[in-house]
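Comments concern the structure below.
Number of protein chains: 2
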Amino acid sequence: MDSLGEFGLIARVTAGRTYPDSVLLGPGDDAAVVTAADGRVVITTDMLVEGRHFRRDWSGPRDIGRKAIAQNGADIAAMGARSTAFVVALSCPADLTVAEAEDLNAGLWDEASRAGGAVVGGDVTAGDHLVVSVTAVGDLAGASPIRRDGARPGDVLAVSGPTGSSAAGYALFVAEVEDHPDLLAAHRVPQPDYDAGPAAARAGATAMCDVSDGLLADAAHLAVASGVVLAVESARLPVPPALREAATELGADVLDWVLGGGEDHVLLATFPADTALPSGWTVVGSVMEGGEKNGAEGAGSVTVDGSEWTGVRGWTSF
Amino acid sequence: MDSLGEFGLIARVTAGRTYPDSVLLGPGDDAAVVTAADGRVVITTDMLVEGRHFRRDWSGPRDIGRKAIAQNGADIAAMGARSTAFVVALSCPADLTVAEAEDLNAGLWDEASRAGGAVVGGDVTAGDHLVVSVTAVGDLAGASPIRRDGARPGDVLAVSGPTGSSAAGYALFVAEVEDHPDLLAAHRVPQPDYDAGPAAARAGATAMCDVSDGLLADAAHLAVASGVVLAVESARLPVPPALREAATELGADVLDWVLGGGEDHVLLATFPADTALPSGWTVVGSVMEGGEKNGAEGAGSVTVDGSEWTGVRGWTSF
Chain A
1 MDSLGEFGLI ARVTAGRTYP DSVLLGPGDD AAVVTAADGR VVITTDMLVE
51 GRHFRRDWSG PRDIGRKAIA QNGADIAAMG ARSTAFVVAL SCPADLTVAE
101 AEDLNAGLWD EASRAGGAVV GGDVTAGDHL VVSVTAVGDL AGASPIRRDG
151 ARPGDVLAVS GPTGSSAAGY ALFVAEVEDH PDLLAAHRVP QPDYDAGPAA
201 ARAGATAMCD VSDGLLADAA HLAVASGVVL AVESARLPVP PALREAATEL
251 GADVLDWVLG GGEDHVLLAT FPADTALPSG WTVVGSVMEG GEKNGAEGAG
301 SVTVDGSEWT GVRGWTSF
Chain B
1 MDSLGEFGLI ARVTAGRTYP DSVLLGPGDD AAVVTAADGR VVITTDMLVE
51 GRHFRRDWSG PRDIGRKAIA QNGADIAAMG ARSTAFVVAL SCPADLTVAE
101 AEDLNAGLWD EASRAGGAVV GGDVTAGDHL VVSVTAVGDL AGASPIRRDG
151 ARPGDVLAVS GPTGSSAAGY ALFVAEVEDH PDLLAAHRVP QPDYDAGPAA
201 ARAGATAMCD VSDGLLADAA HLAVASGVVL AVESARLPVP PALREAATEL
251 GADVLDWVLG GGEDHVLLAT FPADTALPSG WTVVGSVMEG GEKNGAEGAG
301 SVTVDGSEWT GVRGWTSF
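Respectively, the protein sequence lines represent chains A and B.
Each step along the first sequence adds one to the number in our numbering, with nothing skipped, and position 17 is 17.
Each step along the second sequence adds one to the number in our numbering, with nothing skipped, and position 265 is 265.
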């Protein structure tokens with residue numbers, strides 16, 4: 001890595017790349033310039049730290065690059081926006097080879113493209129551990145951002161896809177059981193549906209957030225922000241067959257993964273009860289009266305099958 | 001730190017903060033929303049790693065926060081833009097106290113405000129070392145971005161302020177000489193003139209960049225991008241009296257600091273020869289024919305007092 005130098009590295013990672021029309025000035029200057037067509041920009045940042053958010057013996061550099069982009073792109077989608085551009089700051093340990101750095105970079109670019117944007121700038125520095133810090137910007141295309149505080153009693157609660165696959169993959173890695181490649185892959189790299197957020201916004205979503213900490217944990221954030229009770233019905237939760245099989249094999253409770261597992265980066269949203277939900281979305285519960293909007297901690301809460309969820313099951317599993 | 005939790009920390013660091021009108025949605029949701037009044041957004045990122053970019057025994061947490069914002073704000077200014085917002089990702093070691101985290105945060109907010117923006121979002125994670133990764137976005141207010149590749153033969157070369165103070169402060173720290181508090185402070189926290197960039201753009205700057213690596217190193221980047229030779233006249237370089245005094249005390253060559261020292265984050269720009277330079281800017285040389293625009297490495301070069309600068313003096317001092 002060091003042998004290339006910063007400018008050599010920039011030349012190497014950007015060689016042959018093409019940019020969408022939204023990129024007015026790409027990498028290589030002090031800053032990049034990106035269109036913000038409706039006069040606003042949505043912005044979020046997330047950092048991945050080796051040993052905390054990934055293990056290099058479980059995840060290849062390409063996976064790590066994709067994951068770093070995906071979790072930021074999912075946050076942009078959770079506002080109802082589309083990602084337009086990403087910047088990436090890397091701290092690279094001395095044992096990261098040039099080939100690994102190129103794989104990491106390929107993962108960043110691939111996922112940025114999948115999210116609808118491009119990598120427009122970055123910073124590379126030496127460090128003891130691999131740290132990948134990504135900032136995403138996005139475009140609301142004239143729509144209002146979908147916040148966490150808009151859920152209203154009577155709304156339905158819905159998810160954009162199944163949760164628990166990343167947690168199941170983690171459990172399989174820990175148990176050294178490798179017969180569910182899709183679940184292992186789901187732990188390495190989440191696969192957000194980047195269209196699900198803007199589609200939900202168009203359908204009239206009243207509140208939305210990304211499921212990064214776990215379905216119940218993120219539902220609680222939304223419940224507190226909106227001052228409501230979110231009533232989850234466990235029978236309505238989408239559970240892929242592979243998840244049930246893996247739970248049986250490991251003697252785990254599949255609901256622990258579905259309700260408590262984080263990092264799947266599906267979206268959780270509320271919609272008026274009569275809404276025709278966009279493709280991929282599944283109703284998993286409803287919104288009830290309760291709590292005070294943006295109230296103190298404890299205001300707003302989540303129930304599962306009618307019982308208040310008071311335990312920490314799953315919340316702090318990982 | 002851990003005892004607060006992420007949401008407790010967000011509440012704590014944002015309590016009582018006010019936001020400029022450009023912040024449409026501040027911290028607390030999946031992403032923030034900021035105005036981009038002219039339909040474009042300028043974006044840059046820079047990461048500070050403990051032990052590489054700062055030492056916690058030399059720089060307090062407030063200094064580190066200010067420095068992290070300042071170097072990003074200077075990159076925005078170097079495009080001729082004004083910073084509107086910053087997002088911050090932090091990796092915090094276990095020994096960082098809550099009081100230190102609050103000081104760091106205060107530094108981030110103070111400098112963001114000085115740069116004309118606000119901190120609108122962030123991410124906090126545990127890590128073995130303190131890593132501060134900042135992304136800045138900015139507004140060109142309808143102007144064209146000032147790139148590195150626009151310098152033309154016949155232009156003058158100018159700096160927005162003196163260079164070398166950070167390098168002198170570093171040398172004083174290493175020598176454990178503490179009688180130049182301003183130079184020590186300059187090493188801890190650069191003080192960019194954020195207005196200098198937009199002012200240069202209005203005055204007609206043809207090329208501009210931030211001096212982060214050192215005057216000659218950054219001049220070389222500009223020379224290569226523009227395909228020109230930049231002729232620096234050492235007698236015209238602004239040298240504060242304290243810098244000369246410190247050089248004498250340490251037996252150092254003041255030009256090593258002025259030409260080679262990085263991290264002052266002043267701006268370097270070229271202007272048509274007949275330009276009335278904005279306040280604070282000083283002509284330090286001129287632009288000559290030479291090299292190929294955006295040519296291979298080696299195209300474009302820098303001379304000092306008529307001699308080609310072939311050495312690495314200063315370039316890799318730090």
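Glycine included, C-beta positions come from ideal geometry on N, C-alpha and C.
Looking at the structure shown, is A/Ser165 part of a helix, part of a strand, or coil, going by DSSP? helix
Straight-line gap, B/Gln125 to A/Val211 (C-alpha atoms, nearest Å): For clarity, residue 125 of chain B is Thr in the given sequence; the question names Gln instead. Computed Cα separation, rounded: 17 Å.
Local conformation of B/Val211 per DSSP, three classes: coil
Buried or exposed: A/Pro61, going by 16 or more other Cβ atoms within 10 Å of its Cβ? buried
In chain A, which residues lie less than 8 Å from B/Met288 when you measure between Cβ atoms? Correct list: empty, because the minimum Cβ distance to chain A is about 22 Å.
Taking 6 Å as the cut-off, is the C-beta of A/Leu243 nearer than that to any heavy atom in the ligand ATP? With respect to the ligand ATP, the structure offers nothing, as it holds no ligand at all.
Test: B/Pro145 CB closer than 7 Å to a CB of chain A: yes
Exposed or buried, B/Glu289, counting other C-beta atoms within 10 Å across all chains shown (16 or more means buried)? Flag for B/Glu289 reads exposed.
In DSSP terms, what A/Ile43 is bridged to: A/Val137, B/Ala32
A/Phe271 - partner residues in DSSP beta bridges: A/Val156
Is there at least one Cβ from chain A nearer than 7 Å to B/Ser91's Cβ? yes
Within the 7 Å Cβ cut-off, does A/Leu96 reach chain B? no
Cutoff 7 Å; reference A/Asp193; Cβ partners in own chain excluding five residues on either side: Ser160, Gly161, Gly280
Just verifying my parser: in three-state terms, what is the DSSP assignment at A/Ala252? coil
Close Cβ partners of A/Val229 (< 8 Å) along its chain, the five nearest in sequence each way excluded: For A/Val229, where only same-chain residues beyond five positions count, the Cβ hits under 8 Å are Ala223, Val287, Met288, Glu289, Gly290, Gly291, Gly300, Ser301, Val302, Thr303.
Contact list for A/Asp210 against chain B, beta-carbon separation under 7 Å: Asp30
Contact criterion: CB-CB distance below 7 Å. Does B/Leu25 meet it with respect to chain A? yes
Find the nearest neighbour of A/Glu111 within the set A/Gly73, A/Thr14, A/Ala247, A/Leu172, judged by alpha-carbon distance. For A/Glu111, the closest alpha carbon among the candidates A/Gly73, A/Thr14, A/Ala247, A/Leu172 is that of A/Gly73.
Strand pairing of A/Arg82, partner residues [DSSP]: A/Asp139
Distance, B/Ala225 Cα to B/Arg17 Cα: 41 Å
Helix, strand or coil: how does DSSP classify A/Thr97 here? Secondary structure of A/Thr97 (DSSP, three-state): coil.
Residues of its chain near A/Val283, where Cβ-Cβ distance is below 8 Å and the 5 sequence neighbours each way are ignored: Val156, Leu157, Ala158, Arg236, Leu277
For chain A, check one thing: does any of its Cβ atoms lie closer than 7 Å to the Cβ of B/Thr135? yes
Could you check whether B/Val87 and A/Thr45 sit closer than 7 Å to each other, using their CB atoms as the reference points? yes
If we cut at 7 Å on Cβ distances, does B/Thr35 have a partner in chain A? yes
Under the three-state reduction of DSSP, which class applies to B/Ser234: helix, strand or coil? helix
Please determine, among B/Leu24, B/Thr206, B/Leu184, the residue with the shortest C-alpha to C-alpha distance to B/Ala246. B/Leu184
Return the CA-CA distance between B/Ala37 and A/Asp253, expressed in angstroms with no decimal places. 51 Å
Those residues which DSSP pairs with A/Thr125 across a bridge: DSSP lists A/Ser91 as partners of A/Thr125.
Three-way DSSP call (helix, strand, coil) for A/Ala186 in this model: helix
Apart from the five residues just before and just after B/Ser59, which ones in its own chain have a Cβ nearer than 6 Å to its Cβ? Arg188
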